[in-house]
Amino acid sequence: MNYGMVIDLKRCVGCNACTVACRAEHGMPAGVNHHRIVKYESGAYPKAKMGFIPMPCMHCRETPCVAVCPTNASHRQDDGITLVDKEKCIGCRACMQACPYGARQFLWAMQGYFGETRTPYEQHKQKGLAPGLVVKCNFCKHRLEEGKTPACVFTCPAQARYFGDLDDPRYEVAQFAARPDARQLKKDRATNPAVYYITEDPLP
Amino acid sequence: MIALLIVVIIVCLALAGFAGRAFMHHYKQGLGASADLKDVYSWGLHIQAFFFFGALAGGLLMITGFSMLTGGALAAAAPMAIAAALGCLAGGGILLVADLGRPLRSLFLIKPDGNKRSPIIWDFACFSFCGLMGLLFMFNLVPLRLTGLWAFLTAGGGFAFLMAHTHFLLTREGKLAQNPFLALGMIASSLWSAAGLLAVVFFMTTVHLGSASALLTATGIAALGTAIAAVLPAPGETPTLRAFRRPAPGAALLLVSLICMLAGCANGLIPALVGLAVLVYTFMDKQRQLRDMQAEPLLPEPFGRFERKAEYTPSKNEWLIFAGGAGVAVIAGIIAWYIMKLCY
Chain A
1 MNYGMVIDLK
11 RCVGCNACTV
21 ACRAEHGMPA
31 GVNHHRIVKY
41 ESGAYPKAKM
51 GFIPMPCMHC
61 RETPCVAVCP
71 TNASHRQDDG
81 ITLVDKEKCI
91 GCRACMQACP
101 YGARQFLWAM
111 QGYFGETRTP
121 YEQHKQKGLA
131 PGLVVKCNFC
141 KHRLEEGKTP
151 ACVFTCPAQA
161 RYFGDLDDPR
171 YEVAQFAARP
181 DARQLKKDRA
191 TNPAVYYITE
201 DPLP
Chain B
205 MIALLIVVII
215 VCLALAGFAG
225 RAFMHHYKQG
235 LGASADLKDV
245 YSWGLHIQAF
255 FFFGALAGGL
265 LMITGFSMLT
275 GGALAAAAPM
285 AIAAALGCLA
295 GGGILLVADL
305 GRPLRSLFLI
315 KPDGNKRSPI
325 IWDFACFSFC
335 GLMGLLFMFN
345 LVPLRLTGLW
355 AFLTAGGGFA
365 FLMAHTHFLL
375 TREGKLAQNP
385 FLALGMIASS
395 LWSAAGLLAV
405 VFFMTTVHLG
415 SASALLTATG
425 IAALGTAIAA
435 VLPAPGETPT
445 LRAFRRPAPG
455 AALLLVSLIC
465 MLAGCANGLI
475 PALVGLAVLV
485 YTFMDKQRQL
495 RDMQAEPLLP
505 EPFGRFERKA
515 EYTPSKNEWL
525 IFAGGAGVAV
535 IAGIIAWYIM
545 KLCY
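If you read the sequences in order, they're chains A and B.
The first sequence begins at 1 in our numbering and counts up one residue at a time.
The second sequence begins at 205 in our numbering and counts up one residue at a time.
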């Protein structure tokens, strides 16, 4: 089992529905996003265009973040998902320094999304969280256990995302990842991400 | 002298008190409430100061170890250098713990099931080893026939500590490839700053052992050599005058210490002032290293154009905690020095 994701950038419209779905699913404090969309401009007038790169955690096979974590709080599961154990995290932020994708966030403070008082939903979702911990995308592990796909995949209105076992060729995601136009971000860093992008444009 | 010492201790205790208050604020409200750090710039003044104090401790231990192994003139200054190194380790350790998101969990670092691949674990192991070597010396627990072994292990411990620091800075991948002189420069600048601290301590205590200006010059040549090598253009690149602006203040300091040495001014006010300037230069150099490491955008242009910029200015709380850490370093150094006087 090796969970992975393919994002078809030819379909992605940069609407940020994935980011909002992720926020809603995890109820993270204000300013903390497990997912972001990088937008960029390319070309020149009259052929200028705007592109989008949705960036969840890449759940790399070679994990620089896990390598530097002193307490093994950051760990990679057998199913390929990289997690942070909030009981072990000491908040040294070495993993954030090591991650080439900026996929990790530090809980600098626990601010409610609608002001200082946290809503009951936030209180429920933020159980066990406290300032000083590192958090990150976990491919919606709790949803996977219920047989669902991650919130970003489920929500995407353009159906630009595919999720599943990269090792099982029966999955659509494995077939897409094997395509020649499926690319990984920062391939030169040899992290071998489990998130692939389908695009003809150059990627960093 | 005693009056000056009392004033220094009172000031340092006051600084530690203010820092303690600032730390409690950080502990209760979270690091975000007390520091101006962000996800894109997550290591700030505390880590810079930890590297600075660690560099001083590592450099002092290396100088002491080599001097005792070779029977150099500075071997007699070993108690002073070890006291200063222990002070730096105490100050640096406090600042490292203060920078953690969950400071009480720093105890997790001594658990045997830690990640052996992590530079932080190695840093902590070297830190503990250096501290242990210093404590053995302080309490006069090193048998005379094992002094050589102790000196070797101490120098090696200091070296390993600095190597672990270098590895720490390499957590951003590709840094070593960009600057192969990073490790050499780290060691050389540590030795130089340790020489600077010794020059200041010699002047303050009016104990003149060896030549501070000669030590400053020798270590300064090494530090400046690696600093210049680091900014030299790669084959095919055109050299720019701007690149040499970084090592320029260091060159000026080296020149002054060289003149001092040639003029026979081995110890005294001028070498002490040069030493102080070297300490400031090294402290700023640590800031530059951290800034260079974090300022680089994660995605190249044009992809990173709209990403959050890595900007950072230390907050008042951070400065207070840093001042407290420095105060603790001075007090710990003085205490170690007096314990040594009692034990020897």
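For glycine and all other residues, C-beta sits at the position ideal for the given N, C-alpha and C.
Source: prediction; values computed, not measured.
Open item on the list: Using a Cβ distance threshold of 8 Å, determine whether the stretch 513 to 525 of chain B contacts the stretch 223 to 240 of chain B, with at least three qualifying pairs required.
Closed with: yes
Open item on the list: My assumption, with CB atoms under 8 Å, is that A368 (chain B) sits in contact with C330 (chain B). Please give the rounded CB distance.
Closed with: 5 Å
- [ ] Kindly list, in the order they appear in chain B, the residues whose Cβ is closer than 8 Å to that of N72 (chain A).
- [x] D317, G318 and N319
Task: Partners in chain A for L502 (chain B), counting only beta-carbon separations shorter than 7 Å - done: Chain-ordered, the chain A residues with CB closer than 7 Å to the CB of L502 (chain B) read P100, Y101 and G102.
Open item on the list: Could you give the first and the last residue of the continuous beta strand (DSSP E) run that contains T82 (chain A)?
Closed with: T82 to V84
- [ ] Would you be able to state if there are at least three C-beta pairs under 8 Å between the stretch 215 to 226 of chain B and the stretch 493 to 508 of chain B?
- [x] no
Task: Closer than 7 Å at the beta carbon, the chain B residues around M96 (chain A) - done: D243 and S246
- [ ] Mind listing the chain A neighbours of Q233 (chain B)? Cutoff is C-beta to C-beta under 9 Å, in chain order.
- [x] By Cβ distance, chain A contributes A109 and P131.
Task: Per-residue DSSP class, three states only, for Q498 (chain B) - done: helix
- [ ] Can you tell me which of the three DSSP states D489 (chain B) falls into?
- [x] helix
TODO: Under 8 Å between beta-carbons, which chain A residues line up against S310 (chain B)? List them in chain order, please.
DONE: I90
Open item on the list: Using 8 Å as the cut-off, can you tell me whether the stretch 44 to 54 of chain A makes contact with the stretch 123 to 134 of chain A, which would need three or more C-beta pairs spanning the two stretches below that distance?
Closed with: Verdict: no, contact absent.
Open item on the list: For V153 (chain A), report the span of its beta strand (DSSP E) as first-last.
Closed with: Careful: V153 (chain A) lies outside any beta strand (DSSP E), inside the alpha helix (DSSP H) at A151 to T155.
- [ ] Output the boundary residues of the beta strand (DSSP E) element that contains Q105 (chain A).
- [x] Counting along the chain, the beta strand (DSSP E) containing Q105 (chain A) begins and ends at R104 to F106.
Task: Three-pair Cβ contact test at 8 Å for the stretch 292 to 304 of chain B versus the stretch 70 to 80 of chain A - done: Too few Cβ pairs lie closer than 8 Å, so no.
Open item on the list: Do N138 (chain A) and L83 (chain A) count as a contact pair if the criterion is CB distance below 8 Å?
Closed with: yes
- [ ] Using alpha carbons as the reference points, say which of A:R161, A:S42 and A:M58 lies closest to F510 (chain B).
- [x] A:S42
Open item on the list: Using 8 Å as the threshold, is the C-beta distance between A103 (chain A) and D8 (chain A) below it?
Closed with: no
Open item on the list: I'd like to check one pair, L185 (chain A) with Y101 (chain A): are the Cβ atoms closer than 8 Å?
Closed with: yes
Open item on the list: Between which residues of its own chain and C22 (chain A) is the CB-CB distance below 6 Å, once the five residues before and five after are set aside?
Closed with: Taking C-beta separations shorter than 6 Å and ignoring five residues to either side along the sequence, the partners of C22 (chain A) in its chain run H34, H35, A151 and C152, following chain order.
Open item on the list: Using C-beta distances below 8 Å, list every residue in its chain close to F356 (chain B), excluding the 5 sequence neighbours before and after it, in chain order.
Closed with: G269 and L273
- [ ] Establish whether the CB of E204 (chain A) and some CB of chain B are separated by less than 8 Å.
- [x] The amino acid at residue 204 (chain A) is misidentified as Glu; the sequence shows Pro. For P204 (chain A), the answer is yes, since a Cβ of chain B falls inside 8 Å of its Cβ.
TODO: May I ask which residues mark the beginning and end of the alpha helix (DSSP H) holding V145 (chain A)?
DONE: The amino acid at residue 145 (chain A) is misidentified as Val; the sequence shows Glu. Unbroken alpha helix (DSSP H) run through E145 (chain A): K141 to E145.
Task: Reduced DSSP category for G429 (chain B) - H, G, I as helix; E, B as strand; rest coil - done: helix
Task: C-beta neighbour in chain B for Q105 (chain A), strict 8 Å - done: Taking a beta-carbon distance threshold of 8 Å, Q105 (chain A) counts as an interface residue toward chain B.
TODO: Could you tell me which chain B residues have their CB closer than 8 Å to the CB of G67 (chain A), listed as they occur along the chain?
DONE: It is Ala, not Gly, that sits at residue 67 (chain A) in the sequence shown. Per Cβ cutoff of 8 Å: N319, R321 and S322.
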